[in-house]
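Numbering of the sequence shown is given in full-length UniProt numbering, commencing with residue 1 and proceeding in unit increments.
Shown next, in structure tokens, is the structure this report addresses.
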Amino acid sequence: MSKVVRSVKNVTKGYSSVQVKVRNATSNDPWGPTGTDMSEIAAMTFGSPNEFYEIMDMLDKRLNDKGKNWRHVLKSLKVLDYCLHEGSELVVTWARKNVYIIKTLREFTYVDEEGRDVGQNGKLSLEIQMGRKIDRLVFL
1 MSKVVRSVKN VTKGYSSVQV KVRNATSNDP WGPTGTDMSE IAAMTFGSPN EFYEIMDMLD
61 KRLNDKGKNW RHVLKSLKVL DYCLHEGSEL VVTWARKNVY IIKTLREFTY VDEEGRDVGQ
121 NGKLSLEIQM GRKIDRLVFL
């Protein structure tokens, strides 16, 4: 989705600046979330309870995306992994309560318009491994 369309959607849906930050970091663009974006999101988990829940709610939505939005899932795992290590302890608590989301990602598949199963490509396989790492961290 182009940045212009995303900006219009952010305004029309009434997303807060916190939600916009997470949406931009987990967009369908073909590059990953920047270290700066992830650092800012992790820092915001220490802010107000409202900011924390806005971050986690948006990550939850992105982690549950399907099909052509597979990059949302991939990038959300990266952001969640970063926040588990650098964010508030509340992120770990949230992950423990919502570990089923990550467990279901092990079954994630999507065949793109060229017939490639992006669920099996190296990048997504690596992200699923990250999901397993998150599982281990959650159960510590």
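In this text, a Cβ means the ideal position worked out from N, Cα and C, and glycines have one as well.
- Task: Throw me the rounded Cβ distance for the Leu84 and Ala95 pair, which I believe falls under 8 Å.
- Result: Counting from 1 along the sequence shown, the entry for residue 84 is found at position 84. Counting from 1 along the sequence shown, the entry for residue 95 is found at position 95. With 8 Å as the limit, Leu84 and Ala95 qualify as a contact, their Cβ atoms being about 6 Å apart.
- Task: Following the continuous alpha helix (DSSP H) through Asp117, name the residue where it begins and the one where it ends.
- Result: Position 117 of the sequence shown, counting from 1, holds the residue named residue 117. No alpha helix (DSSP H) contains Asp117, which DSSP labels as neither H nor E.
- Locate the alpha helix (DSSP H) running through Lys61, then write down its first and last residues. For the purposes of this step, residue 61 is taken as the residue at position 61 of the sequence shown. Start and end: 49-63.
- Task: Quick one: measure Cβ to Cβ for Lys78 and Gly32, integer angstroms, because I've assumed they're closer than 8 Å.
- Result: Residue numbering aside, residue 78 sits at position 78 when the sequence shown is read from its first letter. Residue numbering aside, residue 32 sits at position 32 when the sequence shown is read from its first letter. So it is a contact: roughly 6 Å between Cβ atoms.
- Item | Contact set for Arg62: own chain, Cβ-Cβ below 6 Å, skip 5 residues either direction | Start at 1 with the first residue of the sequence shown, and residue 62 comes out as number 62. Once the five neighbours on either side are set aside, the close Cβ partners of Arg62 are Thr26, His72, Ser76.
- How long is the line joining the alpha carbons of Tyr46 and Gly87, rounded to whole angstroms? As a first step, residue 46 is located in the sequence shown; it is residue number 46 there, counting from the start. As a first step, residue 87 is located in the sequence shown; it is residue number 87 there, counting from the start. Contrary to the premise, residue 46 reads as Phe rather than Tyr in this sequence. About 7 Å.
- Query: Should Gly122 be labelled buried (16 or more other beta-carbon atoms within 10 Å of its own) or exposed?
  - Reply: For this step, residue 122 is matched to residue 122 along the sequence shown. Interpretation of Gly122 is limited by its pLDDT of 44, a score under 50 that renders its predicted location unreliable; no figure is taken from the coordinates.
- Query: Going by beta carbon distance, what residues of the same chain come within less than 6 Å of Val111, once the five residues before and after it are set aside?
  - Reply: What you label residue 111 is simply residue 111 of the sequence shown in a count that begins at 1. Asp117.
- Message: So, at 8 Å on beta carbons, what are the nonlocal neighbours of Arg6 in its own chain, with the 5 sequence-adjacent residues on each side left out?
- Response: To locate residue 6, count along the sequence shown from 1; it is residue 6. Arg23, Asn24, Ser27.
- Just tell me which of Pro30, Glu51, Ala42 has its CA closest to the CA of Tyr15. For this step, residue 15 is matched to residue 15 along the sequence shown. Closest option to Tyr15, Cα to Cα, is Glu51.
- Message: Within 10 Å of its beta-carbon, does Glu89 have 16 or more other beta-carbons around it, so buried, or fewer, so exposed?
- Response: Taking the first residue of the sequence shown as position 1, residue 89 is located at position 89. Glu89 comes out exposed.
- Inter-residue Cα distance where the pair is Pro49 and Glu114: Here residue 49 is taken as the residue at index 49 of the sequence shown, counted from 1. Here residue 114 is taken as the residue at index 114 of the sequence shown, counted from 1. Near 43 Å, if we compare the C-alpha coordinates of Glu114 and Pro49.
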